[in-house]
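Chains as they are written, first to last, in my numbering: chain A, 2 to 110; chain B, 27 to 230; chain C, 237 to 904. Positions of the beta carbon are idealized from the N, C-alpha and C atoms, including for glycine. Predicted, not measured: the structure shown is a model, and the values here were computed from it. Have a look at the structure below, then the notes.
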Amino acid sequence: MSTVTEQHNTHGDDHADHGLTDLGYIKIAIFLAVITAVEVVFSYTQDQLGAAFLPGLLILMAVKFFMVLLYFMHLKFDSKLFSLMFYIGLVLAVGCYAVFLATLHFFQS
Amino acid sequence: MADTAVHADEHVDHGGHYSSTGLSNNKLAMWMFLGSECLLFGGLISTYMLYRGRHSENLGPDQVWDIPFTSASSFVLLMSSLTMVLAVSSAVRDDDRNTKVWLSVTALLGALFVAGQVYEFTTFYREGLGFTTSLFSSSFYTLTGFHGVHVSVGIIMLMSLVGMISKNKVVGDKKETVELFGLYWHFVDVVWILIFTLVYLIPA
Amino acid sequence: MAIIERPSDAVEVVDETTPSVATPESSYGVFRRPVETTGWKSWLFTIDHKKLGIMYGVVAMFFFVVGGIEAMLLRLQLAGPNGTVLSADKYNQMFTMHATTMVFLFVMPMAAAFANYFVPLQIGARDVAFPRINAFGFWAFLFGGLFLNTSWFLGGGADGGWFMYAPNSSVAFSPSNGVDFWGLGLQITGVASLTGAINLIVTVINLRAPGMSLMKLPIFTWMVLVVQFLLLFAIPVITVALFMLMFQRSFDATFFSVEAGADPLLWQHLFWIFGHPEVYILVLPSFGIVSEILPVFSKKPLFGYPLVVFSGAAIGFVGWGVWAHHMFASGLGPISVAAFSVATMAIAIPTGVKIVNWTLTMWGGKLRFTVPMLYSVGVIVQFTIGGLSGVTHSVAPSDTQQTDTYYIVAHFHYVIFGGAVLGLFAGMYYWWPKMFGKMLNERLGRVNFWFTIIGMNLTFGPMHIVGLQGQPRRMYVWTENRAGDGFFNIGFWNLIASIGSFVLALGILLFFVNIYVSHRKGTEKAPLDPWDARSLEWITTNPPKEHNFDRLPQVGHLDEFFHRKYEDRGSDGHHEFHQIATAEEVVAEEENNADGHIHLPSPSYWPILLAFSLPIMAYGVIYNVFLLIGGAVLGLVSFYGWGLEPHTAPEDDYDPPTGTAMEVAAHG
Chain A
2 MSTVTEQHNT HGDDHADHGL TDLGYIKIAI FLAVITAVEV VFSYTQDQLG
52 AAFLPGLLIL MAVKFFMVLL YFMHLKFDSK LFSLMFYIGL VLAVGCYAVF
102 LATLHFFQS
Chain B
27 MADTAVHADE HVDHGGHYSS TGLSNNKLAM WMFLGSECLL FGGLISTYML
77 YRGRHSENLG PDQVWDIPFT SASSFVLLMS SLTMVLAVSS AVRDDDRNTK
127 VWLSVTALLG ALFVAGQVYE FTTFYREGLG FTTSLFSSSF YTLTGFHGVH
177 VSVGIIMLMS LVGMISKNKV VGDKKETVEL FGLYWHFVDV VWILIFTLVY
227 LIPA
Chain C
237 MAIIERPSDA VEVVDETTPS VATPESSYGV FRRPVETTGW KSWLFTIDHK
287 KLGIMYGVVA MFFFVVGGIE AMLLRLQLAG PNGTVLSADK YNQMFTMHAT
337 TMVFLFVMPM AAAFANYFVP LQIGARDVAF PRINAFGFWA FLFGGLFLNT
387 SWFLGGGADG GWFMYAPNSS VAFSPSNGVD FWGLGLQITG VASLTGAINL
437 IVTVINLRAP GMSLMKLPIF TWMVLVVQFL LLFAIPVITV ALFMLMFQRS
487 FDATFFSVEA GADPLLWQHL FWIFGHPEVY ILVLPSFGIV SEILPVFSKK
537 PLFGYPLVVF SGAAIGFVGW GVWAHHMFAS GLGPISVAAF SVATMAIAIP
587 TGVKIVNWTL TMWGGKLRFT VPMLYSVGVI VQFTIGGLSG VTHSVAPSDT
637 QQTDTYYIVA HFHYVIFGGA VLGLFAGMYY WWPKMFGKML NERLGRVNFW
687 FTIIGMNLTF GPMHIVGLQG QPRRMYVWTE NRAGDGFFNI GFWNLIASIG
737 SFVLALGILL FFVNIYVSHR KGTEKAPLDP WDARSLEWIT TNPPKEHNFD
787 RLPQVGHLDE FFHRKYEDRG SDGHHEFHQI ATAEEVVAEE ENNADGHIHL
837 PSPSYWPILL AFSLPIMAYG VIYNVFLLIG GAVLGLVSFY GWGLEPHTAP
887 EDDYDPPTGT AMEVAAHG
């Protein structure tokens, strides 16, 4: 191959285009910290929360999980192929292990 | 590491390699690895879930947990994700100095987390909760141990990366290397987000 | 003329390095990079996917012979009543190691051999995406396999059956180190599979030749892709299980001890969540090979290519939801059993789709019954038999009767031998001229085929009968007075099976004879395109040059090679293919337009060293913590060496440092 290709240093631009600013990341980190604090409060007020306790905690956990995934790990801004690779694993893991625990009557307890 | 590269084409990824999708080989590989890790940690978490109630009367999760302490160490790990993302964004700006600073801070926070885990394990052990004490303890130590090893490996890699940047010995695209390390680190953090809620906050 | 260029500082070509990167001046002190292209070093440190593919194949064949000998000993023991060939203990070890060897050390790596060799060729790439990781994968597999088999000399092999159910795997029931070797050995080969999977997926996604969209991907590559996804997500599950087994046996945890309150089904679930995808991991590569061969020898395109692709993907996906059908007899409860039973019946549909597509590919074609074709037809027939007995297992009440009998043994041998192994042999006959430049002898191949096919049916066919009569699998001895009478006398059928196993062994032996005969001095060089093939791997020399293609092929069709040789002059949906070029002309065309500069990455010491650290650590876990530390240190050093190593060797690693040592003249 004798053609000369220019170095594609578009990497930086990619992030400037799609990613967040440093301030944005800091805001997300603060948000995550607040949710963590709320989670801890949840764990101390279980009796008052009653039926809302478990679903509430799981939702907060999921919010944190996806915030890190989408923003810190750039999945929101990156190619869908990366998301696909990860989500196949995630879905298989959640699916298989949930069924596995269900067959062992975990969720009845 | 993407070694096979020749053709000049419109599809060229950031390292200058020929690529059918225009995506980086390394980053694809990293995401696949993380997808695979989901099933590893999924298995460990499920085993813990299955066994968390199987322990002697006074040495179960609800007796030994120290929620304020674990919350603090979770907070430390969460903040290390912030410093990691700042390192990536410094690397994107070709700012080696700040990249190294943030990477080092990330490693430090990670080390703090691991130190907290060591302290926690020692405390539990003093209270009588050894690795083989009960099914609960075995599955708990296995799960958090695996996570701790992941963090420790991450710390070593981060420190090595700082050294490699200092000596200008990074092979391949430096920005991408920092980004890949970041993906690994965030994933480890994400796993802890799950563990913190599922293992510590939800009572057995 | 294509030149494999010595790396230089000139930046006029696309190089591995970007401007922001410094290249370390010397690789590692006194050692120079192992850049030899001939001799033992060129194999030991190679990162060429073709050499690695051949090594995978050779080692897999070695383990095939080992596993085969183990199988023959089992059959000798059962040939007559009150067998004394093996003790009960040795018999347990023998069937465990037979299964483990065949599954993990023969079928999987043999498929990996073809995948390594042919996926880059089929997609028009010069190597895989991560050549060093590829080399690491091979060495990890080899060392893992050897490690596993050293257990024979260190107190005996594993003896819990290949799925190693608790509590048989615990120290109390299996006091030798066999199970430890088994667990750690599988961890090592698991690492090999995982890295190989990531490597091949990235390769297929990213290194396809210009114009090759996913729906123009050769079908073998498609099936390999599905398999690699299965490996990617199944290996970590068994990793978890194996780690817990190790903690249980070495560090006294009680994950699987019912007396300590553990759930006896935990291991079974984890094993089969891995184990069922594993079944498709074994058989899908072979499906891909068959789907390549049938069109070639029917002179028709694969019938319903998209359907074959989607059914392959569907098998891969649904394969995740059927694992508990291995556990119908374990008391899962009616809801679980019903759900998994239905899912299992459902997975027969995409499999059936494939059978139909193969049959319709042959329908109306100009069939040529060469040896690869014979083997492919063998797959269709034998796998269908195995598939049908498989459907009888999906019906839970019937399965409860069949569980742990020889009927199961019959089923999975028809599926794995009839489906996977026959397909691999088809691939060997088909691709042999491509890999080694010589044809395997067709006449001898025919004899080889018929001995194999008759042998396998004699061996595994009677197992249906003795199984339904109630002979349990893994039974090490049978007695005359309980053998039954008349047609269903299990003694008679066991003898037939044992005789069959020798016929089968003779068939396999003939394959090795064939290799010898075909490579004797004076045998002709294989023609460039011996089969009138269709896919991209044939648009290059036999065997391919180190850089595979002089010019990266531009792809416009599925079956690109066929369309370069033939032109469709029919009209109104009526096809009429006329030859417009010979294979020689097609290849010459590529050579005349060769790419100017081709950069191939340099060989490396680190993959083999890193892989070597794994068994050392594993011995350390069993015997001595210092060994563990030593292995870890070696691993760490290799890791850093690897990380700091540039992709291409620096100039002064070559000897002589300047000149034409690396210049490779193109043919023609």
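Look at the segment 687-717 of chain C: it has no residue with a C-beta under 9 Å from a C-beta of chain B. Contact residues of the segment 824-845 of chain C toward chain B are D831, I834, H835 and P837 (C-beta to C-beta distance below 7 Å). Proximity of N51 of chain B to chain C, defined by a Cβ-Cβ separation below 8 Å, is satisfied. Close to chain B, meaning a Cβ-Cβ distance shorter than 9 Å, are the following residues of the segment 77-90 of chain A: D79, S80, L82, F83, S84, L85, M86, F87, Y88, I89 and G90.
DSSP places H649 of chain C in the helix class (H, G or I) of the three-state scheme. Chain B places a beta carbon closer than 8 Å to that of D488 of chain C, counting this residue as a contact. Neighbours of K65 of chain A in chain B, taken as residues at a C-beta separation under 7 Å, are given in chain order as I219. In the structure shown, E825 of chain C adopts helical secondary structure according to DSSP, grouped into three states. Residue-level contact by beta carbon holds for N442 of chain C and chain B, with a gap shorter than 8 Å.
Within chain A, the residues placing a beta-carbon under 7 Å from that of D499 of chain C are L105, ordered along the chain. DSSP places Q707 of chain C outside any alpha helix (DSSP H), giving it a letter other than H or E.
Here the alpha carbons of H783 of chain C and W91 of chain B stand approximately 59 Å from one another. G743 of chain C sits buried, since 16 or more C-beta atoms from the chains shown fall within 10 Å of its C-beta.
Around the C-beta of K670 of chain C, 16 or more other C-beta atoms lie within 10 Å, and the residue is accordingly described as buried. Each of C:T274, C:Y855, C:A349 and C:D768 was checked against the Cα of P531 of chain C, and the nearest Cα belongs to C:D768. In the DSSP annotation of this structure, Y72 of chain A is not part of any beta strand (DSSP E), being labelled neither H nor E. Within a 10 Å sphere around the beta-carbon of I455 of chain C sit 16 or more other beta-carbons, which makes this residue buried.
A376 of chain C sits buried, since 16 or more C-beta atoms from the chains shown fall within 10 Å of its C-beta. Taking the Cα of K757 of chain C as reference, the smallest distance to any Cα among C:I616, C:G832, C:Y712 and C:K674 is reached at C:K674. The Cβ of I60 of chain A sits no closer than 8 Å to any Cβ of chain B. Note that the segment 293-300 of chain C touches the segment 339-347 of chain C; at least 3 beta-carbon pairs, one per stretch, sit closer than 8 Å. Contact annotation for M183 of chain B against chain A: no contact, minimum CB-CB distance about 17 Å [criterion: below 7 Å]. Contact between I852 of chain C and L863 of chain C holds, since their C-beta atoms are separated by about 6 Å, short of 8 Å.
Taken in chain order, the complete beta strand (DSSP E) segments of 3 or more residues contained in the segment 77-133 of chain B number zero; there are none. Secondary structure at Q109 of chain A: coil, using DSSP grouped into helix, strand and coil. Contact between the segment 115-135 of chain B and the segment 39-51 of chain A is absent: fewer than 3 CB-CB pairs across the two stretches fall below 8 Å. Taking 8 Å as the Cβ-Cβ cut-off, the segment 565-590 of chain C approaches chain A at L568, G569 and S572, given in chain order.
Under the three-state reduction of DSSP, T776 of chain C is assigned to coil, being neither helix nor strand. Following the DSSP letters along the chain, one finds D808 of chain C in no alpha helix (DSSP H), marked with neither H nor E. E205 of chain B carries a helical assignment under DSSP once its states are collapsed to helix, strand and coil. In the structure shown, T695 of chain C falls within a helical segment according to DSSP collapsed to helix, strand and coil.
Around W279 of chain C, no beta-carbon contact reaches into chain A at under 7 Å, the shortest distance being about 28 Å.
Residues of chain A whose Cβ lies closer than 7 Å to the Cβ of T47 of chain B are, in chain order, L82.
In the structure shown, Q815 of chain C falls within a strand segment according to DSSP collapsed to helix, strand and coil. The beta carbons of F172 of chain B and L70 of chain B sit about 6 Å from each other, so the pair counts as a contact at 8 Å. Across the structure, T597 of chain C and H814 of chain C are spaced so that their CA atoms are roughly 20 Å apart.
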